[in-house]
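Report on the structure given below.
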Amino acid sequence: MNLFVVPSTYPEIHKTDCMYCPVSIGTQNNDKLYICLMDGQSFCEECLHIHQEVSGHQLYLVIHEIQEKEEGDFFKEKKKEYWIEKEEENKERINIESLEEGKIKDYIKYIIGSIGVEKKVSESENSRTRIYTENIQQIARSKKLDLNNIQCEEEGCDIKDNLWLNLIDGSVYCGREQMMVKGHSHALKHYEKTKRPLVVKIGTISSDGTADMYDYSKDEDVRDPLLKEHLGFYGIDISKLSKTQLSLDEIAKEAALKMERERIEEIGVEHKLCYGPYKTGIRNSGNTCYAAAGVQMIFGITEVRNKLNKEYQNLIRKNWKGIEYHMTTQMAKLAQGFISGKCSEEEENTGSQVGMSIIGLKQGLGHYYQMYKTNEQQDSSEFVLHLIDRMEQEGFKEIEENLEVIIRNEIKGEGMSVNTTREKIIEMGLDVPYMVLIERKHIDLHMEDIIKMYGSITPIEGYQKNGRYINATKRIRIGKFPKYLLIKLERQIAISYEDVRKVDADVFGMERIDLSMLKSNKKEEEKEEKVEINQEKLELLVSMGFDETQAKTALTITNNDIEEAIIKLTSGEIKEIEDTVTDKYREGIAMMKDMGFDEEISRKALEKTKGDIEQAIIFAATRDEEKENKMEEEDNDRSGKYELIGFVSHIGANVNCGHYVCHMKQGDEWIMFNDNKVYQSQNPPFTRGYLYLYKSIE
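When we follow full-length UniProt numbering, the leftmost residue of the sequence shown carries the number 1, and every step to the right adds one.
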């Protein structure tokens with residue numbers, strides 16, 4: 001121990017979870033954690049030897065939690081004891097109190113006293129909101145405020161909601177107009193006249209001192225720590241603003257939410273608890289259900305979970321130094337735990353499993369996406385896509401290979417043939433009709449109708465071709481059906497900035513779907529509009545002194561309308577179009593010409609690849625799009641028929657709040673993963689899903 005050199009920079013300390021498996025200290029299957037004195041990483045007893053092998057480190061601080069059970073007291077507060085262990089052939093246990101005062105003992109005290117990385121949560125969105133610190137001199141109102149009988153004070157304005165109280169002069173004016181929310185921006189106009197910037201929205205003020213507030217001078221949301229005092233100046237007692245009864249609308253929403261929870265969580269049904277391999281739940285560590293549900297669904301892809309489990313040891317040994325931020329390794333940790341069932345035993349007297357910890361995965365993703373560092377609820381779909389993206393960047397291709405869909409956007413306009421663009425996606429988003437949101441009514445839908453709507457012909461506004469606007473339509477077709485298909489039902493829409501609602505709909509026909517109507521049956525190349533130029537009109541324009549190339553362009557975009565062509569030529573519009581195209585790709589064209597390509601093919605390649613110079617060079621060199629199309633669409637021999645194997649459901653007003661539950665099919669039975677409550681599903685809520693995972697019926 002005397003030879004140990006304290007790190008010059010103290011590392012962050014992990015004190016709750018094992019870095020190499022989904023086990024946590026304090027659960028009934030683990031009462032010890034080993035913290036490496038060199039790097040601050042923590043390990044369970046089973047994984048300790050792996051860290052010793054890859055790191056060569058030998059000194060660890062041991063945390064031992066002691067659970068004392070007493071009659072009439074379920075569990076007393078857990079006691080902890082600490083010691084240092086030197087992991088050699090013969091383990092040596094070192095008493096901390098026996099250490100001499102100095103750097104080493106101070107370092108040990110730092111580790112014991114530090115807050116573990118797992119418990120550190122960055123500031124929430126609310127705490128990141130700027131605090132209004134300006135001293136304000138409030139001006140008294142001439143007339144007392146009556147919040148029960150109030151409207152915008154601008155002369156002639158009858159707005160009675162969307163009202164903002166100015167905390168400097170007590171004036172009340174309406175906010176800006178939004179979808180379904182009336183307003184004339186009189187509050188903003190009042191600020192422009194008076195330069196009094198601090199306002200609070202009436203109707204959002206609650207007894208806990210929170211409210212929607214805005215600082216016009218900085219054009220941003222703020223918080224006022226003195227809100228209670230500032231409102232009191234105008235006779236508003238914040239403690240009396242708490243609701244005493246629900247409105248009829250709120251009663252209806254509460255009833256709908258209760259029904260939704262009972263349906264999705266299968267409340268009232270006698271559940272059979274599940275344990276063992278492939279039935280391992282994930283503990284909720286504070287609004288982590290969105291992540292847990294997403295991970296459980298990913299594990300429904302057999303090739304993905306098996307690959308992660310197979311590579312588990314290799315990934316840990318390869319990425320042990322930066323394991324916190326390597327998402328593939330974090331997922332391999334969970335896959336190993338999911339398949340082994342090591343955390344699936346019942347937690348004593350709770351009816352739940354011990355469950356795996358997902359904190360490492362969530363915090364690791366938070367390194368790249370700030371929102372996952374908070375304890376706030378997030379969108380499960382967004383989480384899944386971010387996670388997949390990081391894993392792909394790390395070289396894990398199994399998810400992309402199994403989920404990738406190639407979408408063909410077919411655009412047809414007057415005077416032009418079909419113009420097809422391709423894009424690769426991992427998740428298909430299908431719109432749920434949302435007009436019912438206006439009246440908050442329930443609706444029953446069928447998946448077949450939603451699929452038809454997705455593939456229907458839709459108009460495109462403002463479509464431009466060869467310098468002019470034309471009427472055009474778009475149709476979506478699928479160029480490649482994947483083995484597994486991930487579908488998101490777009491159940492929510494923003495009515496306004498402050499009002500995001502979810503469609504209250506049951507969607508039937510989800511167990512089996514047929515997308516064959518969307519299959520792209522012929523491979524159409526992107527084609528330029530071909531207009532046969534009238535030679536007599538071209539000769540006439542040239543005889544009038546116009547440049548032949550510009551005359552051809554004018555006749556092409558006017559469809560041989562000689563009068564319109566002359567107008568465009570004399571106005572300089574044709575030269576502007578040519579200059580715009582040339583200027584846009586001038587640098588790339590010059591670079592490709594230096595490489596031996598002629599100007600025409602260089603411009604065509606850059607236009608086709610939207611300016612991507614590397615892809616343009618490849619295109620110009622091969623000029624073999626048929627081969628490219630064949631490679632992209634070689635798997636389109638699948639029928640487009642799919643069977644449901646898993647889905648994530650959401651309970652709540654919108655996807656950024658509430659709760660997520662996952663149902664997965666295993667053999668002939670459905671398993672419900674509700675965090676670490678894992679049951680055999682008796683009545684899967686197929687019609688209420690948000691994310692659906694399908695497998696192709698070969």
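Ideal Cβ positions, reconstructed from N, Cα and C, are used throughout, including at glycine. Since the model is a prediction, treat every value here as computed from it, not as a measurement.
Keeping to the same chain, check which residues put their C-beta closer than 8 Å to that of Gly588; ignore five residues upstream and five downstream.
As a position in the sequence shown, residue 588 is number 588, starting the count at 1. Only Ser602, Leu606, Gly611, Ile613, Ala616 meet the Cβ criterion.
Please classify Arg261: does DSSP put it in a helix, a strand, or coil?
Along the sequence shown, one-based indexing puts residue 261 at 261. Of the three classes helix, strand and coil, the one that applies to Arg261 here is helix, per DSSP.
Using a Cβ-Cβ cutoff of less than 6 Å, which residues in the same chain neighbour Ser381 once the five nearest sequence positions on both sides are dropped?
The residue given as residue 381 occupies position 381 in the sequence shown. Cβ neighbours of Ser381 beyond the five flanking positions: Lys488, Leu691.
Closest to Ser142 by C-alpha separation, out of Glu153, Asn95, Leu308, would be which residue?
As a position in the sequence shown, residue 142 is number 142, starting the count at 1. The residue from Glu153, Asn95, Leu308 with its alpha-carbon nearest to that of Ser142 is Glu153.
Leaving out five residues on either side along the sequence, give the residues of the same chain with a beta carbon under 6 Å from the beta carbon of residue 700.
Because the chain in this structure spans residues 1 to 698, residue 700 falls outside the shown range and cannot be described.
For Arg223 and Arg176, the rounded distance between their alpha carbons
If you number the sequence shown from 1, residue 176 lands on position 176. If you number the sequence shown from 1, residue 223 lands on position 223. If I take the Cα positions, the gap works out to 20 Å.
Where does Lys272 sit, in a helix, a strand or coil, going by DSSP?
Taking the sequence shown and counting its residues from 1, the one referred to as residue 272 is at position 272. Strand at Lys272.
In three-state terms, what does DSSP make of Glu81?
For the purposes of this step, residue 81 is taken as the residue at position 81 of the sequence shown. Correct three-state label for Glu81: strand.
Using 8 Å as the cut-off, can you tell me whether the region 369–389 makes contact with the region 646–657, which would need three or more C-beta pairs spanning the two stretches below that distance?
yes
Who are Thr194's beta bridge partners in DSSP?
Taking the sequence shown and counting its residues from 1, one reaches residue 194 at position 194. DSSP, once it has assigned bridges, lists no residue as partnering Thr194.
Can you tell which of Gly479, Ile697, Leu644 has the C-alpha that lies nearest to the C-alpha of Asn409?
By one-based count along the sequence shown, residue 409 stands at place 409. Nearest C-alpha to Asn409: Gly479.
Count Cβ pairs between the region 426–433 and the region 324–340 that sit closer than 8 Å; are there 3 or more?
no
Supposed contact pair Gln363 and Val117 - C-beta distance, whole angstroms, cut 8 Å:
In the sequence shown, residue 117 corresponds to position 117, counting from 1. In the sequence shown, residue 363 corresponds to position 363, counting from 1. Yes, they are in contact, since the Cβ atoms of Val117 and Gln363 sit about 7 Å apart, within 8 Å.
For Pro482 and residue 699, the rounded distance between their alpha carbons:
Nothing in the structure corresponds to residue 699, since the chain is present only between 1 and 698.
Is the beta carbon of Leu165 closer than 8 Å to that of Ile202?
As a first step, residue 202 is located in the sequence shown; it is residue number 202 there, counting from the start. As a first step, residue 165 is located in the sequence shown; it is residue number 165 there, counting from the start. Cβ distance < 8 Å, so Ile202 and Leu165 count as in contact.
Same chain, Cβ closer than 6 Å to Asn319, five either side skipped, listed in chain order:
Your numbering for residue 319 matches position 319 in the sequence shown. Counting only Cβ-Cβ distances below 6 Å, and skipping sequence neighbours, we find His326, Thr329.
Report the CB separation of Ile104 from Phe4 in whole angstroms; it is logged as a contact under 8 Å.
Translated into positions along the sequence shown, residue 104 becomes position 104. Translated into positions along the sequence shown, residue 4 becomes position 4. At roughly 6 Å, the Cβ-Cβ gap stays under 8 Å, so Ile104 and Phe4 are in contact.
Does DSSP put His659 in a helix, in a strand, or in coil?
By one-based count along the sequence shown, residue 659 stands at place 659. Here His659 sits in strand by DSSP.
Could you round the C-beta distance between Arg512 and Glu643 to whole angstroms and report it? I think they count as a contact, below 8 Å.
Walking along the sequence shown from the start, residue 512 turns up at place 512. Walking along the sequence shown from the start, residue 643 turns up at place 643. About 6 Å separates the two Cβ atoms, so the contact holds.
Put Glu634 into one of helix, strand or coil per three-state DSSP.
For the purposes of this step, residue 634 is taken as residue 634 along the sequence shown, with counting starting at 1. Summary for Glu634: the model assigns pLDDT 46, below 50, so the residue's position carries little reliability, and this model does not support an answer.
Please classify residue 716: does DSSP put it in a helix, a strand, or coil?
The structure shown has nothing for residue 716, since the chain only spans 1 to 698.
From Phe546 to Leu569, what distance separates their C-alpha atoms?
Counting from one through the sequence shown, the residue named residue 546 turns up at place 546. Counting from one through the sequence shown, the residue named residue 569 turns up at place 569. Roughly 8 Å between the two C-alpha positions.
To the nearest angstrom, how far is the alpha carbon of Arg688 from that of Ala505?
Residue mapping note: residue 688 aligns to position 688 of the sequence shown, counting from 1. Residue mapping note: residue 505 aligns to position 505 of the sequence shown, counting from 1. So the two alpha carbons sit approximately 7 Å from each other.
Near Asn309, what residues of its chain come up, given a Cβ to Cβ distance below 6 Å and the 5 sequence neighbours on each side ignored?
Along the sequence shown, read from residue 1 onward, the residue named residue 309 stands at position 309. Answer for Asn309: Ala335, Gln336, Ile339, listed in chain order.
So, using beta-carbon positions, are Thr27 and Val418 closer together than 8 Å?
Residue numbering aside, residue 27 sits at position 27 when the sequence shown is read from its first letter. Residue numbering aside, residue 418 sits at position 418 when the sequence shown is read from its first letter. Not in contact: Thr27 and Val418 (Cβ atoms no closer than 8 Å).
Apply the 10 Å Cβ neighbour rule to Ile236 and answer buried if 16 or more other Cβ atoms are within range, or exposed otherwise.
Taking the sequence shown and counting its residues from 1, one reaches residue 236 at position 236. Under this definition Ile236 is a buried residue.
Local conformation of Lys307 per DSSP, three classes:
Locating residue 307 in the sequence shown gives position 307, where the first residue counts as 1. Helix at Lys307.
Give a yes or no on whether the C-beta atoms belonging to Leu61 and Ile25 are separated by under 8 Å.
Counted from its first residue, the sequence shown places residue 61 at position 61. Counted from its first residue, the sequence shown places residue 25 at position 25. With a cutoff of 8 Å on beta-carbon distance, Leu61 and Ile25 are scored as not near each other.
From Lys279 to Lys333, what does the alpha carbon distance come to, in whole angstroms?
Along the sequence shown, one-based indexing puts residue 279 at 279. Along the sequence shown, one-based indexing puts residue 333 at 333. Straight-line Cα distance between these residues: approximately 15 Å.
By how many angstroms is the C-alpha of Ser639 removed from the C-alpha of Val678?
Counted from its first residue, the sequence shown places residue 678 at position 678. Counted from its first residue, the sequence shown places residue 639 at position 639. For Val678 and Ser639, the distance between alpha carbons rounds to 34 Å.
With distance defined between alpha-carbon atoms, name the residue in Lys441, Tyr484, Ser543 nearest to Val503.
As a position in the sequence shown, residue 503 is number 503, starting the count at 1. The option with the nearest alpha carbon to Val503 is Lys441.
Quick one: Cα of Pro684 to Cα of Gly395, how far?
One-based indexing of the sequence shown puts residue 684 at position 684. One-based indexing of the sequence shown puts residue 395 at position 395. If you take the alpha carbons of Pro684 and Gly395, they lie about 35 Å apart.
Taking the straight line between their C-alpha atoms, what separation do you get for Ala291 and Gly156?
Position 291 of the sequence shown, counted from the first residue, corresponds to residue 291. Position 156 of the sequence shown, counted from the first residue, corresponds to residue 156. If you take the alpha carbons of Ala291 and Gly156, they lie about 51 Å apart.
Quick one: what's got a C-beta closer than 8 Å to Ser8's C-beta in the same chain, skipping five residues either side?
Sequence index remark: in the sequence shown, residue 8 carries index 8 (1-based). So the list is empty, once near-sequence residues are dropped.
Buried or exposed: which applies to Leu246, given that a residue is buried once 16 or more other Cβ atoms fall within 10 Å of its Cβ?
Position 246 of the sequence shown holds residue 246. The predicted position of Leu246 is uncertain, since its pLDDT is 45 and thus under 50; no value can be drawn from it.
Pull up the distance between the alpha-carbon of Lys182 and that of Glu539, whole angstroms please.
Reading the sequence shown from its first residue, position 182 is the one you call residue 182. Reading the sequence shown from its first residue, position 539 is the one you call residue 539. Approximately 60 Å between the Cα atoms of the pair.
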